[in-house]
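Colleague: My questions will all concern the structure given below.
In the numbering used here, the protein residues as written are 116 to 407.
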């Protein structure tokens, strides 16, 4: 095991993979910080199949890099992950937290959380996965780097999780988008040439947004396991556009929630100036009740 213990002051610990892999566990204890940005961990000079960041709280966690032993850290502030990676995974385990993914930071993208360290990272080659873990989490995607071209997986996992695409358009190139959690709101555009698949146990809302694929399929499902006693529309499409411009098809599925005293819940609600279209593919509606 290699252990680095720092004291007061803002320290930089650079793990440089240019000389090969690290067979032993690395432990970095950041100690106290005096100013922004604080103690920093940098990962540089390497190409790997998978890098997995696991967050315990806002300053403690670990990093697993394919072919290497685990890097564990405590008392840390930012992480700069400047590695070339096929698959990136971010696991959040601290409990109820707010997770934000955007194109900020010093590299291509940045992910941050109220119970996880901020990580600046390069675009992955194949996939980016966010696992929200335990607790009632909020996940916000606020756009990605212009060169992003990979699959994007977002999993709410335990408890009740809310997600929103907002602030900036999200373009994932040729990648597929897969979202699975309790509640989803899309208020900014999503674009890809691949498949778009979203599944929520409660409601999904699209408002003033365009969701578009070229040759992929769009499959949006809301209300797979409605929360008892909660009134909601399974899939609400408001002043939005769903478009498959190539060979793709569109499938919309919705089941509304009911509090037991009302019977006017909606499976799929399409209203305002909404437009749903394909070039040559099918449009399929699967619903408990539809209002157009």
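Don't be surprised by glycine CBs; every beta carbon is placed ideally from N, CA and C.
Which residue marks the beginning of the beta strand (DSSP E) containing residue 383, and which one marks its end?
Modeller: Against the chain shown, residue 383 aligns to sequence position 268. Segment 383-386, the beta strand (DSSP E) holding residue 383.
Colleague: Let me make sure I understand the geometry here. Which of 225, 335, 230 and 318 has the alpha-carbon closest to that of residue 342?
Modeller: Counted from its first residue, the chain shown places residue 342 at position 227. Of the candidates 225, 335, 230 and 318, the one whose C-alpha sits nearest the C-alpha of residue 342 is 318.
Colleague: Where residue 397 and residue 365 are concerned, what is the direct C-alpha to C-alpha distance, given to the nearest angstrom?
Modeller: Position 282 of the chain shown, counted from the start, is the residue given in the question as residue 397. Position 250 of the chain shown, counted from the start, is the residue given in the question as residue 365. Per the coordinates, the alpha-carbon of residue 397 lies some 6 Å from the alpha-carbon of residue 365.
Colleague: First and last residue of the beta strand (DSSP E) that includes residue 275?
Modeller: Here residue 275 corresponds to residue number 160 of the chain shown, with the count starting at 1. Neither: residue 275 is in no beta strand (DSSP E) and is coded neither H nor E.
Colleague: Quick check on the burial criterion: 16 or more other C-beta atoms within 10 angstroms. Buried or exposed for residue 399?
Modeller: In the chain shown, residue 399 corresponds to position 284, counting from 1. Residue 399 is exposed by the Cβ-count criterion.
Colleague: Can you find the residues in the same chain that come closer than 7 Å, C-beta to C-beta, to residue 267, ignoring five residues on each side of it along the sequence?
Modeller: Translated into positions along the chain shown, residue 267 becomes position 152. Excluding residues within five positions, the ones whose Cβ falls inside 7 Å are 243, 287, 290 and 292.
Colleague: Could you tell me whether any Cβ in chain C is nearer than 9 Å to the Cβ of residue 164?
Modeller: Looking for chain C here will not work: only one protein chain is present.
Colleague: Run through the DSSP bridge pairs and tell me what residue 253 is partnered with.
Modeller: Walking along the chain shown from the start, residue 253 turns up at place 138. Its beta-bridge partners are 213 and 277.
Colleague: Distance, Cα to Cα, residue 236 vs residue 195?
Modeller: For this step, residue 236 is matched to residue 121 along the chain shown. For this step, residue 195 is matched to residue 80 along the chain shown. Taking the straight line from one Cα to the other gives about 6 Å.
Colleague: Give the DSSP-derived three-state secondary structure of residue 182 in the structure shown.
Modeller: Numbered from 1 along the chain shown, position 67 holds the residue referred to as residue 182. Coil, per DSSP.
Colleague: Considering only the alpha carbon of each residue, which of 392, 338, 226 and 142 lies closest to residue 269?
Modeller: Position 154 of the chain shown, counted from the start, is the residue given in the question as residue 269. Nearest option by C-alpha distance: 226.
Colleague: In whole angstroms, what is the alpha-carbon distance linking residue 88 and residue 216?
Modeller: Residue 88 falls outside the range modelled here, since the chain spans only 116 to 407, and no answer is possible.
Colleague: Just to confirm my understanding: we take residue 162, look at its own chain, exclude 5 residues before and 5 after, and list those with CB closer than 6 Å. What are they?
Modeller: The residue you call residue 162 lines up with position 47 of the chain shown. Contacts found: 199.
Colleague: Whole-angstrom Cβ separation of residue 174 and residue 232, contact assumed at under 8 Å?
Modeller: What you label residue 174 is simply residue 59 of the chain shown in a count that begins at 1. What you label residue 232 is simply residue 117 of the chain shown in a count that begins at 1. Indeed they touch by this definition, with Cβ atoms about 7 Å apart.
Colleague: Alpha carbon to alpha carbon, how far is residue 154 from residue 350? Give it in angstroms, no decimals.
Modeller: To locate residue 350, count along the chain shown from 1; it is residue 235. To locate residue 154, count along the chain shown from 1; it is residue 39. Distance between the alpha carbons of residue 350 and residue 154 is about 45 Å.
Colleague: What does residue 156 pair with, by DSSP beta-bridge criteria?
Modeller: Within the chain shown, residue 156 is the residue found at index 41, counting from 1. Residue 156 is bridged to 128 and 194.
Colleague: State buried or exposed for residue 324, treating a residue as buried only when at least 16 other CB atoms are found within 10 Å of its CB.
Modeller: Counting from 1 along the chain shown, the entry for residue 324 is found at position 209. Classification of residue 324: buried, given that the 10 Å Cβ count is 16 or more.
Colleague: Whose C-alpha, out of 186, 212, 281 and 160, is nearest the C-alpha of residue 168?
Modeller: Numbered from its first residue, the chain shown carries residue 168 at position 53. Selected option, being the one with the closest Cα: 186.
Colleague: Is residue 353 closer than 9 Å to residue 299 when the C-beta atoms are compared?
Modeller: As a working note, residue 299 is residue 184 in the chain shown. As a working note, residue 353 is residue 238 in the chain shown. With contacts defined by Cβ atoms closer than 9 Å, residue 299 and residue 353 do not form a contacting pair.
Colleague: Give the range of the beta strand (DSSP E) segment to which residue 366 is assigned.
Modeller: For this step, residue 366 is matched to residue 251 along the chain shown. Residue 366 -> beta strand (DSSP E) spans 365-369.
Colleague: Which residue from 180, 188, 144 and 307 puts its Cα closest to that of residue 132?
Modeller: Position 17 of the chain shown, counted from the first residue, corresponds to residue 132. It is 180.
Colleague: Are the beta-carbon atoms belonging to residue 251 and residue 280 less than 9 Å from one another?
Modeller: Within the chain shown, numbered from 1, the residue matching residue 251 stands at position 136. Within the chain shown, numbered from 1, the residue matching residue 280 stands at position 165. In this structure, residue 280 does not lie closer than 9 Å to residue 251 by Cβ.
Colleague: What are the boundary residues of the beta strand (DSSP E) that includes residue 355?
Modeller: Translated into the one-based positions of the chain shown, residue 355 becomes position 240. That residue, residue 355, is in no beta strand (DSSP E); it is neither H nor E in DSSP.
Colleague: According to DSSP, is residue 133 part of a helix, a strand, or is it coil?
Modeller: Numbered from its first residue, the chain shown carries residue 133 at position 18. Residue 133 falls in the helix class under three-state DSSP.
Colleague: According to DSSP, simplified to helix, strand and coil, what is residue 321?
Modeller: Along the chain shown, read from residue 1 onward, the residue named residue 321 stands at position 206. In this structure, residue 321 counts as strand in the three-state DSSP scheme.
Colleague: Along the chain, where does the beta strand (DSSP E) that runs through residue 344 open and close?
Modeller: Translated into the one-based positions of the chain shown, residue 344 becomes position 229. No residue range can be given for residue 344, since it is assigned to no beta strand (DSSP E) and is classified by DSSP as neither H nor E.
Colleague: Give the secondary structure of residue 222 by DSSP, where H, G and I count as helix, E and B as strand, and everything else as coil.
Modeller: On the chain shown, position 107 is the one that residue 222 refers to. Coil.
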